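Colleague: I'd like to ask some things about the structure below.
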Amino acid sequence: MKKVIVIGSGFSGLSAACFLAKDGFSVTLLEKNEGLGGRARQFEADGFVFDMGPSWYWMPDVFEQFFAQFNKKVSDYYHLVRLDPSYQVIFQNPEQAGAPRDVLALPADMSELEKLFESIEPGSASKLRQFLAEAEYKYRVGMGEFVHKPSHSLMEFADLRILSSMMRLQMFTSLSKHVRKLFKDERLIQILEFPVLFLGATPQNTPALYSLMNYADMSLGTWYPMGGMHKIVEAMADLARELGVEIKTAQEVSRIETNNGKVTSVITTDGHRYTADAVVGGADYHHIETRLLDPENRNYAPNYWKKRVMAPSSLLWYVGVNTRIPGLKHHNLFFDEDFGLHSEEIYTNPKWPSKPLFYASAPSVTDPSVAPAGCENLFLLIPVAPGLEDTPEVRARYFDMVMERLERFTGMNIRQHIVYERSYAHADFVQDYHAFRGNAYGLANTLLQTAFLKPKMKNRKLSNLWYTGQLTVPGPGVPPSLISGQVVAAEVKQWSAR
Ligand SMILES: Cc1cc2nc3c(=O)[nH]c(=O)nc-3n(C[C@H](O)[C@H](O)[C@H](O)COP(=O)(O)OP(=O)(O)OC[C@H]3O[C@@H](n4cnc5c(N)ncnc54)[C@H](O)[C@@H]3O)c2cc1C
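So the sequence shown is numbered by this note's numbering: it starts at 1265 and just counts up by one.
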């Protein structure tokens, strides 16, 4: 039986481990941290249960398809509920910057959503129908075919059917243009542009292909696994163990050993050596290249990394509040400041943002198990440029800024009810995950960093080393990371059969 070592227990590593074990490999997964899940770890403090990273469960079909390949269902592992409203957006008051003008809650039901659009901009309901029909086509082609390609070269995309659909997929027009052609109201535009912020680029720099995210948002819906997003990690780890994967935590790989163009073993910081017939690196691509491999075995030179456009990092807080907070939904987007200025301060002119947008999640609105009775669990996130200097003073300043706006919106003094608070930013991403420049979501999905233009899955110098995860194909996000693990496992299987 061939032995494969998987480095990292994020979604991509866990997914790769499951598929490899199913394909008959003997798989050992090594994770540096005590907890599994990488950026999607969870922790408990004072009766609160905090998901540390992802909080939006989109594309439920991808999770269902993942488990189906092992003859399992999502419901075998966790209970999923659809959120209604999907989320609410708090907008800017043009007369008084910072004070919300109005609040739009996005209904899960499509006819209600169309009514909401029509009430804001007459004629927009039918345009939304048209927009989502195109987005559905892109979702079917994009998620059905594109994302499953290992993207070694352009030739994989040279299939006539795919080429002929390129125009319909709108690879060469920007999402911003596409949205603005149909809608005029700034609030509707922001609602349609916001999902690409997940992809880590401005709507101006993101191909309109990615309106497939609007289909995921509005048509497929926003879901939540009761108990928190970490339920997905637990489910995948249970499945992996069932399939025979040996999962070892607190095992940080410090070096990949090679001989004659092949990986022979990996060594951990505590001196363990694990021999391997093949290795799949699910840790940050840049970390594997620059810290675990000798220079002559790397795919990319330092200059390559300098030129990558990174998705934003995040300044986060996990907050426990000893009372319920009126007016909050499960997901709340505070778009009560200038969207354009914040984007500019992330991408064009990277610095700590002057008046950031932020996101507040209160999973305790849906799930009583994540907070003590009568309390609220708050997860706060400001997207910020990667690579900024991260100090306690900066974090404290932004905490006050976010709290002021939350208090203004809810009409409540939240600060006096805080019983737990922990912040998390660049320095933590670097320390906990070896994240390149403290990135949260990997590389931005710009046109020049899409598909075969992403860092390659296969190491070109070593015949039995692959990469998986959000810095390679298909990209950032939980569903793409699951798919990344599946694609890399298929590559290893093919190599092994040769
Ligand atoms: C704050 C935040 C919010 C997000 N929100 C969403 C969301 O709402 N919805 C969504 O779909 N996506 C979201 N994402 C993105 C999503 O979480 C990620 O794309 C995904 O989890 C990445 O998985 P991964 O396997 O590529 O990497 P990771 O989760 O980073 O896993 C890599 C693993 O490798 C381990 N590792 C690193 N170095 C070593 C080493 N030397 N030895 C052993 N192990 C090592 C790390 O500890 C880590 O466990 C969010 C991400 C963040 C950070």
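For each residue, glycine too, the CB sits at the ideal point set by N, CA and C. Computed from a predicted model, the values in this text were never measured in an experiment.
Does ligand 1 have even one heavy atom less than 6 Å from the beta-carbon of Arg1303?
Modeller: By 1-based counting over the sequence shown, the position of residue 1303 is 39. Yes, the beta carbon of Arg1303 sits closer than 6 Å to at least one heavy atom of ligand 1.
Colleague: Please report the distance separating the alpha-carbon of Thr1217 from that of Leu1579.
Modeller: Past the boundaries of the shown model lies residue 1217; the chain is included only from 1265 to 1762, so the question cannot be answered.
Colleague: Under a three-way DSSP split, which group does Ala1480 fall into?
Modeller: Taking the sequence shown and counting its residues from 1, the one referred to as residue 1480 is at position 216. DSSP places Ala1480 in helix when its eight states are reduced to three.
Colleague: Name the DSSP beta bridge partners of Thr1532, please?
Modeller: Taking the sequence shown and counting its residues from 1, the one referred to as residue 1532 is at position 268. The partner list for Thr1532 (beta bridge, DSSP) reads Val1517.
Colleague: Cβ of Ala1236 within 7 Å of Cβ of Val1752?
Modeller: Outside the shown range of the chain, which is 1265 to 1762, sits residue 1236, and nothing can be said about it.
Colleague: Taking DSSP as the reference, what is the three-state secondary structure of His1218?
Modeller: This structure cannot settle anything about residue 1218, because the visible part of the chain is limited to 1265 through 1762.
Colleague: Count the other CB atoms within 10 Å of the CB of Tyr1568; is the residue buried (16 or more) or exposed (fewer)?
Modeller: On the sequence shown, position 304 is the one that residue 1568 refers to. Classification for Tyr1568: exposed.
Colleague: With burial defined as no fewer than 16 other Cβ atoms inside 10 Å of the residue's Cβ, what is the status of Asp1600: buried or exposed?
Modeller: As a working note, residue 1600 is residue 336 in the sequence shown. Asp1600 is buried by the Cβ-count criterion.
Colleague: Under 8 Å by Cβ, that's how I've got Val1648 and Phe1312 pegged, so tell me the actual separation to the nearest angstrom.
Modeller: For the purposes of this step, residue 1648 is identified with residue 384 of the sequence shown, where counting begins at 1. For the purposes of this step, residue 1312 is identified with residue 48 of the sequence shown, where counting begins at 1. Not confirmed; about 24 Å, so no contact.
Colleague: Residues bridged to Ile1271 by DSSP?
Modeller: Taking the first residue of the sequence shown as 1, we reach residue 1271 at position 7. For Ile1271, which the question treats as bridged, DSSP gives the partners Leu1294 and Gly1545.
Colleague: Val1763 lies in the beta strand (DSSP E); which residues open and close that run?
Modeller: Because the chain is modelled from 1265 through 1762, residue 1763 falls outside the range shown and cannot be assessed.
Colleague: For Gly1749, which residues in the same chain have their Cβ closer than 6 Å to its Cβ, ignoring the five residues on either side in sequence?
Modeller: Walking along the sequence shown from the start, residue 1749 turns up at place 485. Contacts found: Ser1276, Ser1279, Ala1280 and Thr1732.
Colleague: Any heavy atom of ligand 1 within a distance shorter than 6 Å of the CB on Glu1295?
Modeller: As a first step, residue 1295 must be located in the sequence shown, where it is residue number 31. Checking every heavy atom of ligand 1 against the Cβ of Glu1295, one is found closer than 6 Å.
Colleague: Drop a sphere of 10 angstroms on the beta-carbon of Phe1693, count the other beta-carbons inside from all chains shown, and report buried for 16 or more, exposed for fewer.
Modeller: The sequence position of residue 1693 within the sequence shown is 429, counting from 1. Classification for Phe1693: buried.
Colleague: Measuring only the C-alpha atoms, how far is Pro1744 from Leu1735?
Modeller: Residue numbering aside, residue 1744 sits at position 480 when the sequence shown is read from its first letter. Residue numbering aside, residue 1735 sits at position 471 when the sequence shown is read from its first letter. For Pro1744 and Leu1735, the distance between alpha carbons rounds to 11 Å.
Colleague: Under three-state DSSP, which class holds Phe1334?
Modeller: Mapped onto the sequence shown, residue 1334 falls at position 70. Coil, per DSSP.
Colleague: Does the Cβ of Trp1759 lie closer than 6 Å to at least one heavy atom of ligand 1?
Modeller: By 1-based counting over the sequence shown, the position of residue 1759 is 495. Outside the cutoff, so no.
Colleague: Assign Val1353 to one of two classes, buried (16 or more other C-beta atoms within 10 Å of its C-beta) or exposed (fewer than that).
Modeller: Position 89 of the sequence shown, counted from the start, is the residue given in the question as residue 1353. Looking at its Cβ environment, which holds 16 or more other Cβ atoms inside 10 Å, Val1353 is buried.
Colleague: Considering Cα atoms alone, identify which of Val1658, Arg1672 and Gly1591 is closest to Val1629.
Modeller: Position 365 of the sequence shown holds residue 1629. Closest by alpha carbon: Gly1591.
Colleague: In or out: His1551 buried (at least 16 other Cβ within 10 Å) or exposed?
Modeller: Reading the sequence shown from its first residue, position 287 is the one you call residue 1551. Burial call: buried.
Colleague: Could you give the residue range of the alpha helix (DSSP H) that holds His1494?
Modeller: Here residue 1494 corresponds to residue number 230 of the sequence shown, with the count starting at 1. Segment His1494 to Glu1506, the alpha helix (DSSP H) holding His1494.
Colleague: Can you have a look at Phe1307 and say buried or exposed, based on whether 16 or more other CB atoms are within 10 angstroms of its CB?
Modeller: Here residue 1307 refers to the residue found at position 43 when the sequence shown is read from its first residue. Classification for Phe1307: exposed.
Colleague: Using 10 angstroms around the beta-carbon of Val1443, count the other beta-carbons present and answer buried if the total reaches 16, otherwise exposed.
Modeller: Residue numbering aside, residue 1443 sits at position 179 when the sequence shown is read from its first letter. Result: buried.
Colleague: Which residue marks the beginning of the beta strand (DSSP E) containing Lys1512, and which one marks its end?
Modeller: Walking along the sequence shown from the start, residue 1512 turns up at place 248. Here the beta strand (DSSP E) through Lys1512 covers Glu1510 to Lys1512.
Colleague: Would you call the region 1521-1532 and the region 1677-1691 touching, i.e. three or more CB-CB distances under 8 Å?
Modeller: No, because fewer than three Cβ pairs between the region 1521-1532 and the region 1677-1691 fall closer than 8 Å, the two stretches do not touch.
Colleague: Excluding the 5 residues flanking Val1218 on each side, which residues of the same chain have their C-beta closer than 6 Å to its C-beta?
Modeller: For residue 1218 there is no data in the structure shown, the boundaries of the chain being 1265 and 1762.
Colleague: Tell me whether the beta-carbon of Val1543 lies closer than 7 Å to the beta-carbon of Ile1747.
Modeller: Your numbering for residue 1543 matches position 279 in the sequence shown. Your numbering for residue 1747 matches position 483 in the sequence shown. Not in contact: Val1543 and Ile1747 (Cβ atoms no closer than 7 Å).
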